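Asks:
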Amino acid sequence: MGYQKIVINGGNHNWCILLISLILLLVTSSSATFDEISDISLNDVPGVWRGIPEVTIETVGSIVSRDCQICVDDTYWNTDIADIVCQYNGFEGSMIVKRDTTPAETGPLLDLDGYAVCRKTNNSELPLECEFRETCARVPTISCLVPGYQGCYSHTVTDPFFSDGVQAELGDQQVNILTCAEACSDSPYLGLANGQDCICGSALGDRSLVGVCDLECQGDDLQQCGGVNAISVYGADVIGECGTSTPVELTPNQPYYVTSLGFPGRYEFNAGSCTWTMVISVTAFHDLEVLTTFDLGDGNQLSINAKPLSATYSGQDGTSRIVRTPYAYLQDTITVSFTVSSPSTLNDFHIKFSLTPNSMYTSAPDMPTLTNVEQTGPTTAPIMESTTSKAMQAVITSSISTAIGVVIAFVLVV
């Protein structure tokens, strides 16, 4: 029968140009090189709350993942990305952001495969997608807001934030969050101002007068110590303690944190154990999310236990995300235990518990009585019901291909 001869008349010329342009646009859009990630971490600087951001890129069609430092560039890098890195690891946002760190070397025998530029996504579990880069001129070093941070407020000599504030004497110690909190241990609040001042207070001042806190601490350039006419305010309980004396009730929509002894410093134990106890007591079903970031010495063990979950982490470093949607019990007790079996220094951990209302369940769901999560050594955050999975990407790609086919068919008909 042969193919039908298609003649494009002058009157259809503009239509053809328009449709061909649309095809090219669709093809270009479908060939974007931004890929899913499976982990976001902070490395190369001591402390789980600070470091150089790294991502693990999962390239579509490849079984090999790539570990990359996030690169600073004028198009993609901004403080929003720094906030996302911190929030992924269980913190409220970024504290200090430096943009001029020299990138680490990469290679087959090294820990890094390359570099990446990243952009935000709408996926709460995997909030970034990244593009692999072979080279990079600069990488960021960031620190995250630690638990106990109350905010940044206006503070001047004539109008101080704390009406009853007392300047703390630190002796030979340089000011940072830890040294100031230790000096203000008898006060419920503390403030850091002018990069070098530690002020103890008993009552919060006017929190409507927000300040700009952008000065680094004299004792640690990755910690925030107020600004010009501004003060960084913390609760005196910012320092991590060894356990709780009485059970703490988790309050819906209010995160609760468990941190290692001496946090944001790093614990130094010879041997011993600490236990924290939280209780859930609600009248309707809620969701529970537990974000854990840890850097543990050999032989040390951190565990989280409750009726529907059991998680254990021991040795080295990693992150973990546990989600129960909904949590299977209206009343329950959650226990966090940390055991040191051999002398350890320069280690820490941070756990964030988030209890949020769930409106979908009015009766107890069928759930297993025990779910084990055990991680030893380097770990990555388990992905819970990702909305940007590779299967979803395949659906999107298929839809684009279908659209292109429809457009081509339309051109042939015209």
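Numbering (mature numbering (1 follows the signal peptide of the UniProt record, and there is no 0)), first residue to last: -32 to -1, 1 to 382. Glycine residues also receive a C-beta, built at the ideal position from the N, C-alpha and C atoms. This structure is a prediction, so every number in the text was calculated from the model and none was measured.
According to the Cβ coordinates, are LEU177 and CYS193 closer than 7 Å?
Replies: Not closer than 7 Å, so no.
Asks: Alpha helix (DSSP H) containing CYS148: first to last residue?
Replies: Start and end: 145 to 151.
Asks: So ASP81 and THR70 are supposed to be a Cβ contact under 8 Å. How far apart are they, rounded?
Replies: Actually they are not in contact, since the Cβ atoms of ASP81 and THR70 sit about 18 Å apart, beyond 8 Å.
Asks: Here's a check: name, in chain order, each residue in its chain whose Cβ is nearer than 6 Å to the Cβ of SER9, leaving out the five neighbours to either side.
Replies: Hits under 6 Å: GLU22.
Asks: Using 7 Å as the threshold, is the C-beta distance between LEU259 and ARG289 below it?
Replies: Taking 7 Å as the Cβ cut-off, LEU259 and ARG289 qualify as a contacting pair.
Asks: Going by the CB atoms, is the gap between VAL85 and ASP41 shorter than 7 Å?
Replies: A contact, by the Cβ cut-off of 7 Å.
Asks: Compute the Euclidean distance between the alpha carbons of THR243 and GLU102, then round it to the nearest angstrom.
Replies: Their Cα atoms are separated by approximately 46 Å.
Asks: Residues in the same chain with beta-carbon distance under 6 Å from LEU122, minus the five sequence neighbours each way, listed in chain order, please.
Replies: Checking the sequence, you will find Ser at residue 122 rather than Leu. So the qualifying residues of the chain are LEU177 and GLY179.
Asks: Put TYR56 into one of helix, strand or coil per three-state DSSP.
Replies: DSSP places TYR56 in helix when its eight states are reduced to three.
Asks: My assumption, with CB atoms under 8 Å, is that VAL28 sits in contact with ASP3. Please give the rounded CB distance.
Replies: At roughly 6 Å, the Cβ-Cβ gap stays under 8 Å, so VAL28 and ASP3 are in contact.
Asks: Between ALA161 and THR109, what straight-line distance do the alpha-carbon atoms span, to the nearest angstrom?
Replies: Cα to Cα, ALA161 sits roughly 22 Å from THR109.
Asks: Just list the residues that DSSP pairs GLY29 with in beta bridges.
Replies: Bridge partners of GLY29: none, in fact.
Asks: Is ALA252 helix, strand or coil when you go by DSSP?
Replies: It is coil, neither helix nor strand.
Asks: In the DSSP assignment, what are the bridge partners of GLN135?
Replies: Per DSSP, ILE167.
Asks: Between the segment 199 to 209 and the segment 144 to 156, do three or more beta carbon pairs fall short of 8 Å?
Replies: Short answer: they touch.
Asks: Rounded to the nearest angstrom, what separates LYS275 and SER327 at their Cα positions?
Replies: Looking at the two C-alpha atoms, the distance is approximately 22 Å.
Asks: CB GLN269 to CB THR307, shorter than 7 Å?
Replies: Cβ atoms of GLN269 and THR307: closer than 7 Å.
Asks: Please list the terminal residues of the continuous beta strand (DSSP E) segment that includes CYS112.
Replies: 107 to 112 is the extent of the beta strand (DSSP E) around CYS112.
Asks: To the nearest angstrom, how far is it from the Cα of GLY58 to the Cα of ASN90?
Replies: Approximately 18 Å between the Cα atoms of the pair.
Asks: Who are the Cβ neighbours of GLN191 in its own chain at under 6 Å, not counting the five residues just before and after it?
Replies: Taken in chain order, the residues that qualify are ASN144, ILE145 and CYS185.
Asks: In terms of alpha-carbon separation, which member of GLN222, PHE262, VAL250 and ALA279 lies closest to ALA296?
Replies: With distances taken between Cα atoms, ALA296 lies closest to VAL250.
Asks: Let's see if you can read the secondary structure: which residues bound the beta strand (DSSP E) around MET63?
Replies: Run containing MET63: 62 to 69, per the beta strand (DSSP E) assignment.
Asks: Do ALA149 and ILE207 have their C-beta atoms within less than 7 Å of each other?
Replies: Yes, Cβ-Cβ distance for ALA149 and ILE207 is below 7 Å.
Asks: So, helix, strand or coil for VAL206, using DSSP?
Replies: Correct three-state label for VAL206: helix.
Asks: Going by beta-carbon coordinates alone, are TYR225 and PRO156 separated by less than 7 Å?
Replies: No, these two residues do not count as a Cβ contact at 7 Å.
Asks: Helix, strand or coil, according to DSSP, for ALA84 in the structure here?
Replies: Correct three-state label for ALA84: strand.
Asks: Measure the alpha-carbon distance for SER278 versus LEU78 and round it to whole angstroms.
Replies: Their Cα atoms are separated by approximately 34 Å.
Asks: Compare the Cα-Cα distances from residue 385 to each of THR47, CYS36 and VAL291 and report the closest residue.
Replies: The structure shown has nothing for residue 385, since the chain only spans -32 to 382.
Asks: Once the 5 residues before and after LEU138 are set aside, which same chain residues still bring their CB inside 8 Å of it?
Replies: THR147, CYS148, ALA151 and CYS166.
Asks: Is ALA50 helix, strand or coil by DSSP?
Replies: Three-state DSSP puts ALA50 in a helix.
Asks: Assign GLY240 to buried or exposed, taking buried as 16 or more other Cβ atoms, counted over all protein chains shown, within 10 Å of its Cβ.
Replies: Answer is exposed; the Cβ neighbour count stays below 16.
Asks: According to DSSP, simplified to helix, strand and coil, what is VAL382?
Replies: In this prediction, VAL382 scores a pLDDT of 46, lower than 50, which makes its location untrustworthy; no coordinate-derived value is stated.
Asks: At the level of alpha carbons, what is the spacing between THR126 and ASP285?
Replies: Approximately 47 Å between the Cα atoms of the pair.
Asks: Taking the C-alpha atoms as reference points, what is the distance between PHE317 and PHE130?
Replies: So the alpha carbons of these two residues sit roughly 31 Å apart.
Asks: How long is the line joining the alpha carbons of ALA198 and ARG67, rounded to whole angstroms?
Replies: Their backbone Cα atoms lie some 23 Å apart in a straight line.
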